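Working notes, beginning with the structure itself.
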Amino acid sequence: MEEKIKQLVDSAQRIVVVQADNPDADSLGSALALEHIFSDLGKNVALYCGVEIPTYLRYLSGWDRVVSELPSSFDLSVIVDASTYTLFDQLEKAGQWGVLKSKPSIVLDHHATVEKPLDFAAASIVDAEVASAGELIFKLSTQLGWEVSTEAAEHLMTSILGDTQGLMNDLTRASTYRAMADLTDLGAQRPKLEELRREYSKMAQVIYQYKGRLLLRTEFAADGRIATVTIPQDEINEYSPLYNPGPLVQFDMLQVQGVQLSIVFKRYDDGHVTAALRANNGTPVAGKLAEHMGGGGHDYASGFKTSEGANFDDIHNECLRKATELLDGLHKTEA
Numbered sequence: 063m064e065e066k067i068k069q070l071v072d073s074a075q076r077i078v079v080v081q082a083d084n085p086d087a088d089s090l091g092s093a094l095a096l097e098h099i100f101s102d103l104g105k106n107v108a109l110y111c112g113v114e115i116p117t118y119l120r121y122l123s124g125w126d127r128v129v130s131e132l133p134s135s136f137d138l139s140v141i142v143d144a145s146t147y148t149l150f151d152q153l154e155k156a157g158q159w160g161v162l163k164s165k166p167s168i169v170l171d172h173h174a175t176v177e178k179p180l181d182f183a184a185a186s187i188v189d190a191e192v193a194s195a196g197e198l199i200f201k202l203s204t205q206l207g208w209e210v211s212t213e214a215a216e217h218l219m220t221s222i223l224g225d226t227q228g229l230m231n232d233l234t235r236a237s238t239y240r241a242m243a244d245l246t247d248l249g250a251q252r253p254k255l256e257e258l259r260r261e262y263s264k265m266a267q268v269i270y271q272y273k274g275r276l277l278l279r280t281e282f283a284a285d286g287r288i289a290t291v292t293i294p295q296d297e298i299n300e301y302s303p304l305y306n307p308g309p310l311v312q313f314d315m316l317q318v319q320g321v322q323l324s325i326v327f328k329r330y331d332d333g334h335v336t337a338a339l340r341a342n343n344g345t346p347v348a349g350k351l352a353e354h355m356g357g358g359g360h361d362y363a364s365g366f367k368t369s370e371g372a373n374f375d376d377i378h379n380e381c382l383r384k385a386t387e388l389l390d391g392l393h394k395t396e397a
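Position 76 of the sequence shown, counting from 1, maps to 138 under the working numbering, and the rest follow consecutively.
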């Protein structure tokens, strides 16, 4: 498969790197790294994401080169950190699936559990053994002899740090540390990246106060093992342009004693619901829960989305029921 990818890249001149509608440090870091790698190969590279890049990710140099309209002319697309149709609503709404499918495509992902997998790629690597798409891209670049510049190395390091929560969760493996060491040798500086991330993670006073309200609204279920909070449409509209409400509180929820799983629901006026799922180390249930609810992701970080017109209470209750079942089953297995 690696040689097939090399052939596709070698034969293309105009490449578009595609992120899903939920950009994060892994997807954006991976896309920006590929921009540098492909540019060094003499390619013309465009970056696409159907939604605006969140403010908290704008410490990544080059974020402003990401466009929200798929280029009309390209020879090859490379989809990073996603391998499911369900994460590309904007392409669907714009009627652009046909454009994307009209040219060869490569999928590079590390999510083992997805609903409605992309089925049109000329070449695909979905490797659940790596911690992030960035680690996968670095591994692939090494295998194919692609040069990884200092700029590309910094973006790949950022992607790895993003999905491993700073090398702190169970996605981190020995290969991840080796990749981090190699990227350091290539000039990436973790302290510099951390300082930039902290600077852009600073919140306005209104967001700081909003975070307090979200924490007060947090509810607990399953004997305190599950923490949930629900964000309605009006708050999404008001605060999302400043800071994504999910990351604002989700990891704080996991710091509560006894909490094993945190769930942030977003409830939209048209009836559709999204949920971000995060699990503490030693509680690998997020992926299975997301799969049950029609989504996908990792054991420790995943999510799902429902269609318009769904009943929120039914979704909420079923999610908590299945989450409790998975946690109970994990406890029995350990016993």
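No residue lacks a Cβ here, since even glycine has one placed at the ideal position from N, Cα and C.
Because the structure is a prediction, the values reported are computed rather than measured.
Where the beta strand (DSSP E) containing residue i begins and where it ends
i      : result
ILE77  : 76 to 81
PRO294 : 288 to 294
PHE327 : 323 to 329
ASP171 : 167 to 171
LEU162 : No beta strand (DSSP E) holds LEU162; the alpha helix (DSSP H) holding it covers 159 to 163.
DSSP-derived helix/strand/coil call for residue i
i      : result
GLY365 : strand
GLU281 : strand
ASN84  : coil
ARG240 : helix
VAL176 : coil
SER221 : helix
ASP137 : coil
THR336 : strand
THR146 : strand
GLY356 : coil
TYR272 : helix
Residue range of the alpha helix (DSSP H) that includes residue i
i      : result
PHE182 : It is not in any alpha helix (DSSP H) - PHE182 carries neither H nor E in the DSSP assignment.
ILE115 : Run containing ILE115: none; DSSP gives neither H nor E here.
PHE200 : 195 to 206
LEU255 : 252 to 263
SER73  : 64 to 73
LEU310 : 307 to 315
Contact check, residue i vs residue j, beta carbons under 8 Å
i      : j      : result
PRO85  : VAL113 : yes
TYR121 : ARG259 : yes
SER364 : ALA385 : no
ALA195 : ALA250 : no
ASN343 : ASP232 : yes
LEU119 : VAL71  : no
ILE298 : LYS273 : no
Residue i, buried or exposed, once every other Cβ within 10 Å from all chains shown has been counted against 16
i      : result
GLU257 : exposed
PRO307 : buried
SER145 : buried
ASP361 : buried
- At a cut of 8 Å, does the region 232 to 241 reach the region 103 to 119 through at least three beta carbon pairs? Not touching, per the Cβ criterion.
- Message: Across the region 202 to 214 and the region 77 to 93, are there enough close Cβ pairs to call them in contact, namely three or more that are closer than 8 Å?
- Response: No contact exists between the region 202 to 214 and the region 77 to 93.
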